[in-house]
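Engineer: With this note's numbering as the guide, the letters of the sequence shown map in order to residues 481 to 689.
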Amino acid sequence: MDLDIPHLLIDLAARRPVFHSEADLQHELAWHIRELHPDLQVRLEYPLARPSNAAIDILIRNGEQAMALELKYLCQRVDYDVDGEPFSLKPQGAQDIRRYDVLKDVWRMEQFLAARPTASAAVLALTNDPAYWRGPRGLSTCDAAFALREGRSVTGLLDWAPHTGAGTKRGRETAINLKGEYRMTWADYSRIDGAFGEFRFLYVPVARP
481 MDLDIPHLLI DLAARRPVFH SEADLQHELA WHIRELHPDL QVRLEYPLAR
531 PSNAAIDILI RNGEQAMALE LKYLCQRVDY DVDGEPFSLK PQGAQDIRRY
581 DVLKDVWRME QFLAARPTAS AAVLALTNDP AYWRGPRGLS TCDAAFALRE
631 GRSVTGLLDW APHTGAGTKR GRETAINLKG EYRMTWADYS RIDGAFGEFR
681 FLYVPVARP
């Protein structure tokens, strides 16, 4: 499906430079897609086939074609006022497990595509936390394999460092094995006056396994 999500985001940023939550981002992006492409079917939290209990954040359909889009909204604690509307973002913290979650979404979308020859998929992460596009750069951190920093290429088996504590990786013990190779390329989304006012996004089109 020929749908330019990064271009849609640039348009969306003009009226929604910041979101209250990931659900707010999900709703606004889906609405924006429908406004510009009223012929498309757009579904939120589309359930995957059993036995999986997982769901796709946004599923876009055009006849036999489908596009799955997974979202992450990764925030630092900030308080903004945008055109008279207050925004109080809750801190996500724990950047190590959030990095894991982003790349796990890429892996999940590879699995989605493996059984759907006419589908496409992508993962989108939006953040005002520079820690995601700047680091970690060292190899000694427990989440070095999951780094999302600008320019890094990610592929193959990704696992926690041996010294990672059990509490850090609880519920995320399984290594991620990516079939495709993905270059982390960040783009500007919006800028708001104040601390952590720079928002950037990472858009990862997923390769068919």
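For each residue, glycine too, the CB sits at the ideal point set by N, CA and C.
Do residue 613 and residue 664 have their C-beta atoms within less than 9 Å of each other?
Structural biologist: Within the sequence shown, residue 613 is the residue found at index 133, counting from 1. Within the sequence shown, residue 664 is the residue found at index 184, counting from 1. Result yes, Cβ atoms of residue 613 and residue 664 sit closer than 9 Å.
Engineer: Are any of the Cβ atoms in chain C nearer than 9 Å to that of residue 642?
Structural biologist: No chain C is present in this structure, which holds just one protein chain.
Engineer: With burial defined as no fewer than 16 other Cβ atoms inside 10 Å of the residue's Cβ, what is the status of residue 561: buried or exposed?
Structural biologist: By 1-based counting over the sequence shown, the position of residue 561 is 81. Per the 10 Å Cβ criterion, exposed.
Engineer: Per DSSP, which one or two residues make a beta bridge with residue 648?
Structural biologist: Residue mapping note: residue 648 aligns to position 168 of the sequence shown, counting from 1. Answer is none; residue 648 lacks a bridge partner.
Engineer: Touching or not, the segment 563-570 and the segment 542-549, by the rule of three or more beta carbon pairs under 8 Å?
Structural biologist: In short, these stretches do not touch, since the Cβ pair count stays below three.
Engineer: Whole angstroms are fine: how far does the CA of residue 513 sit from the CA of residue 603?
Structural biologist: Residue 603 sits at position 123 when you count from the first residue of the sequence shown. Residue 513 sits at position 33 when you count from the first residue of the sequence shown. So the alpha carbons of these two residues sit roughly 16 Å apart.
Engineer: Rounded to whole angstroms, what's the CA-CA distance from residue 487 to residue 503? Just pull it up for me.
Structural biologist: Stepping through the sequence shown from its first residue, residue 487 is reached at position 7. Stepping through the sequence shown from its first residue, residue 503 is reached at position 23. The straight-line gap from Cα to Cα measures roughly 21 Å.
Engineer: According to DSSP, is residue 666 helix, strand or coil?
Structural biologist: Walking along the sequence shown from the start, residue 666 turns up at place 186. In this structure, residue 666 counts as strand in the three-state DSSP scheme.
Engineer: Determine the contact status of residue 483 and residue 524, defining contact as a CB-CB distance below 9 Å.
Structural biologist: Looking up residue 483 in the sequence shown gives position 3. Looking up residue 524 in the sequence shown gives position 44. Not in contact: residue 483 and residue 524 (Cβ atoms no closer than 9 Å).
Engineer: Any idea what DSSP makes of residue 488, helix, strand or coil?
Structural biologist: Position 8 of the sequence shown, counted from the first residue, corresponds to residue 488. Reduced to three states, the DSSP call for residue 488 is helix.
Engineer: Identify whether residue 572 lies in helix, strand or coil by the three-state DSSP scheme.
Structural biologist: Along the sequence shown, read from residue 1 onward, the residue named residue 572 stands at position 92. Coil.
Engineer: Measuring only from the beta carbon, is residue 617 closer than 8 Å to any heavy atom that is part of the ligand ADP?
Structural biologist: No copy of the ligand ADP appears in this structure; indeed no ligand is present at all.
Engineer: Would you check if the segment 571-579 and the segment 654-674 touch, i.e. whether three or more CB-CB distances between them fall below 8 Å?
Structural biologist: No: fewer than three Cβ pairs fall under 8 Å.
Engineer: In the segment 559-646, which residue ranges form an unbroken alpha helix (DSSP H) of at least 4 residues, counting only runs that do not cross its ends?
Structural biologist: Segments of the alpha helix (DSSP H) lying fully in the segment 559-646: 575-594 and 610-614.
Engineer: Between which two residues does the beta strand (DSSP E) holding residue 546 run?
Structural biologist: Residue 546 sits at position 66 when you count from the first residue of the sequence shown. Taken as a continuous stretch (DSSP letters only), the beta strand (DSSP E) holding residue 546 covers 545-554.
Engineer: For the alpha helix (DSSP H) that contains residue 513, what are its first and last residues?
Structural biologist: By 1-based counting over the sequence shown, the position of residue 513 is 33. It spans 502-516 - the alpha helix (DSSP H) in which residue 513 sits, taken as one unbroken run.
Engineer: Using a threshold of 9 Å, state whether the C-beta atoms of residue 557 and residue 569 are closer than that.
Structural biologist: Working through the sequence shown from its first residue, we reach residue 557 at position 77. Working through the sequence shown from its first residue, we reach residue 569 at position 89. Cβ distance < 9 Å, so residue 557 and residue 569 count as in contact.
Engineer: Do you know how far the Cα of residue 616 is from the Cα of residue 630?
Structural biologist: On the sequence shown, position 150 is the one that residue 630 refers to. On the sequence shown, position 136 is the one that residue 616 refers to. Approximately 10 Å between the Cα atoms of the pair.
Engineer: Quick check: the Cα distance between residue 651 and residue 583, rounded to an integer number of angstroms?
Structural biologist: Taking the first residue of the sequence shown as 1, we reach residue 651 at position 171. Taking the first residue of the sequence shown as 1, we reach residue 583 at position 103. So the alpha carbons of these two residues sit roughly 15 Å apart.
Engineer: Start and end of the beta strand (DSSP E) containing residue 540?
Structural biologist: By one-based count along the sequence shown, residue 540 stands at place 60. Residues 535-542.
Engineer: On a Cα-Cα basis, can you pick out the residue from 680, 580, 592 and 684 that is closest to residue 493?
Structural biologist: Residue mapping note: residue 493 aligns to position 13 of the sequence shown, counting from 1. Checked all of 680, 580, 592 and 684; the closest Cα to residue 493 is 680.
Engineer: Output the distance between the C-alpha atoms of residue 685 and residue 645, rounded to the nearest integer angstrom.
Structural biologist: Locating residue 685 in the sequence shown gives position 205, counting from the first residue. Locating residue 645 in the sequence shown gives position 165, counting from the first residue. Distance between the alpha carbons of residue 685 and residue 645 is about 32 Å.
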